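The structure appears below as structure tokens.
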Amino acid sequence: MVGGGEGAFIGAVHRIASRIDDKFTFVAGALSATAEKARRSAAALGLDPARSYGSYEEMAESEKARDDGIEAVAIVTPNHMHFPVAKTFLDAGFHVICDKPMTTTLSEARQLAEIAARSGKVFVLTHNYTGYPMIRQARAMVANGDLGRIRVVVAEYAQDWLATRAEDGGSKQAGWRVDPQKAGAGGAIGDIGTHAHNLACYVTGLKVEKLAADLSSFVSGRRLDDDASMLLRFAARDGTAAKGMLWASQVAVGNENRLTLRVYGETGGLEWAQEEPNRLWYTPLGEPKRLLTRGGAGATAAAAAASRIPAGHPEGYLEGFATIYSEAAELIRAAAAGRAPPEGIALPTIEDGVAGLAFVEACVKSAKEGGAWVAL
């Protein structure tokens with residue numbers, strides 16, 4: 147792991163998720179940009195001191211030279227470090243599991259896609275919400291034609307933790323997220339808007355062709371957006387172009403982690419909320435609304451494959467990440483054996499990473515042009 151040391155929330159999430167299905171062992175890390183903090187973090191986690199590194203460059207070089215060196219690296223740093231770290235480890239011959247957004251610019255994302263393609267290594271982007279069982283079910287239902295042609299897609303991601311200047315209160319998480327040098331050109335749109343965009347595309351199988359965005363920085367002095375709303379136009383499929391709306395806000399007081407997705411087709415609609423992840427509402431045209439649950443009647447094979455515990459027990463955030471890690475392990479094993487990956491794997495890929503940065507870039511450009519339509 148690179149990053150994820152003391153005070154880093156997401157590092158612990160990745161470490162827990164990677165071990166839930168017993169497919170990874172955590173053996174080495176460059177856990178902080180500060181060598182002393184990296185060693186202290188590694189000691190607290192029980193890492194072998196010989197495999198606790200003061201820099202990611204040292205880690206890549208040393209692990210490559212070991213007979214028992216790592217097979218894959220998880221990158222959980224602030225956004226601006228994703229590109230150099232991923233490039234270093236791909237060039238050194240390691241598989242990469244990277245937090246989102248993949249890079250801070252579209253140019254870097256495209257470069258990284260080329261590097262990954264040349265390397266032949268597995269690259270996985272941890273859009274964790276794609277690992278939720280009922281999101282897998284929704285995706286399968288859309289693909290199966292249960293909703294008919296898709297007409298309207300509405301994605302929302304609302305939080306309130308940046309409603310005040312949390313960055314002035316010593317919050318490490320807030321500090322880098324509002325810094326364009328570390329977060330990139332997008333604030334809320336890069337941090338959570340990319341999740342909403344990815345989920346809309348993942349479930350529907352559609353790609354955003356163009357958008358018209360309005361970005362706001364409501365908190366005085368904040369350099370990046372903390373609220374974004376936009377219209378979406380999806381690429382036409384079967385002669386029909388779906389339309390959509392997306393709202394992402396980190397100043398929506400009263401919202402903790404309200405990610406929702408609504409998809410409406412010619413013959414049915416779906417509604418899902420992350421805060422109740424084991425439920426999916428399905429409404430066939432002209433019929434009563436139906437509640438589908440993770441382990442109940444109507445659950446698909448796709449939902450079952452992403453489930454671990456009995457029906458009626460909560461399953462969500464950590465398990466969503468674990469689905470990503472588990473499938474990443476299967477891809478790595480398949481690559482090592484020179485065989486095709488197992489069927490049913492539906493991970494976010496490096497192409498999704500490029501799409502995410504194209505989305506952020508288009509949002510920023512559209513907002514600067516007064517909400518003009520911008521093609522991705």
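According to our numbering, the stretch in the sequence shown is residues 147 to 522, in order. Glycine residues also receive a C-beta, built at the ideal position from the N, C-alpha and C atoms. The model shown is predicted, which means the values in this text are computed figures rather than measured ones.
Counting along the chain, Met280 sits inside the alpha helix (DSSP H) bounded by residues 279–289.
Three or more beta-carbon pairs separated by less than 8 Å are not found between the region 412–421 and the region 314–334, which leaves the two stretches without contact. Going by beta carbons, Ile156 and Ala468 fall outside the 8 Å limit.
In the DSSP assignment, the residues bridged to Pro430 are Gly414.
The beta carbon of Lys267 sits closer than 8 Å to those of Leu236, Gly239, Phe240, His241, Val242, Ala481, all from its chain and outside the five residues before and after it, given in chain order. Spanning the alpha carbons of Leu426 and Ala304 requires a straight line of approximately 19 Å. The C-alpha of Thr251 lies about 21 Å from the C-alpha of Ser265. With respect to the C-alpha of Ala521, the residue from Ala259, Ile455, Leu438, Leu377 having the closest C-alpha is Leu377. Residue Ile221 holds the alpha-carbon nearest to the alpha-carbon of Val270 among Val148, Thr350, Ile221. Contact annotation, Thr234 with Tyr199: C-beta distance approximately 12 Å; criterion of less than 8 Å not satisfied.
Taking each of Trp418, Ala518, Met287, Asp384 in turn and checking the Cα distance to Glu302, the smallest one comes out for Trp418. For Lys511, the CB contacts under 7 Å within the same chain, skipping 5 residues up- and downstream, are Val520 in chain order.
Here DSSP, grouped into helix, strand and coil, assigns Val219 to strand. In this structure Met205 does not touch Ala255 by the C-beta definition: roughly 23 Å separates them, more than the 8 Å allowed. The region 369–384 and the region 399–409 do not touch, with fewer than three beta-carbon pairs separated by less than 8 Å. Annotation for Ala189: Pro195, Ser198 place their beta carbon closer than 8 Å to its own, counting only its chain and skipping 5 residues before and after. Proximity to Leu431 across Leu416, Gln420, Gly339 peaks at Leu416, based on C-alpha coordinates. Put simply, the region 454–462 does not touch the region 501–508. Fewer than three CB pairs are less than 8 Å apart.
Ile261 is positioned such that its CB atom lies no closer than 8 Å to that of Thr350.
In terms of Cα proximity to Arg369, the closest of Arg379, Lys328, Val354 is Lys328. For Ala486, the three-state secondary structure derived from DSSP is coil.
When DSSP states are grouped into helix, strand and coil, Lys353 belongs to the coil group. Gly339 sits away from Asp372, with the two beta carbons spaced by 8 Å or more.
Membership of Met227 in any beta strand (DSSP E) is not indicated, and neither H nor E is assigned to it by DSSP.
Separation of the CB atoms of Ile491 and Glu473 is rounded to 5 Å, and the pair is thereby assigned contact status at 8 Å. In chain order, Pro279, Met280, Asn424, Ala449, Ser453, Ala457, Glu461 place their CB closer than 7 Å to the CB of Arg440, counting only its own chain and leaving out the 5 sequence neighbours on each side.
C-alpha of Ala218 to C-alpha of Gly149: approximately 14 Å in a straight line.
For Ala158 and Ile335, the gap between their C-alpha atoms comes out near 24 Å. Contact annotation: Leu177 and Ala184 have beta-carbon atoms nearer than 8 Å. The C-beta distance from Ala445 to Leu438 rounds to 7 Å, short enough to meet the 8 Å contact threshold. DSSP places Met376 in the uninterrupted beta strand (DSSP E) bounded by 373–380. Proximity to Gln396 across Thr310, Gly315, Lys356 peaks at Thr310, based on C-alpha coordinates. Distance from the Cα of Asp498 is smallest, within the candidate group Thr276, Ser208, Asn225, for Thr276.
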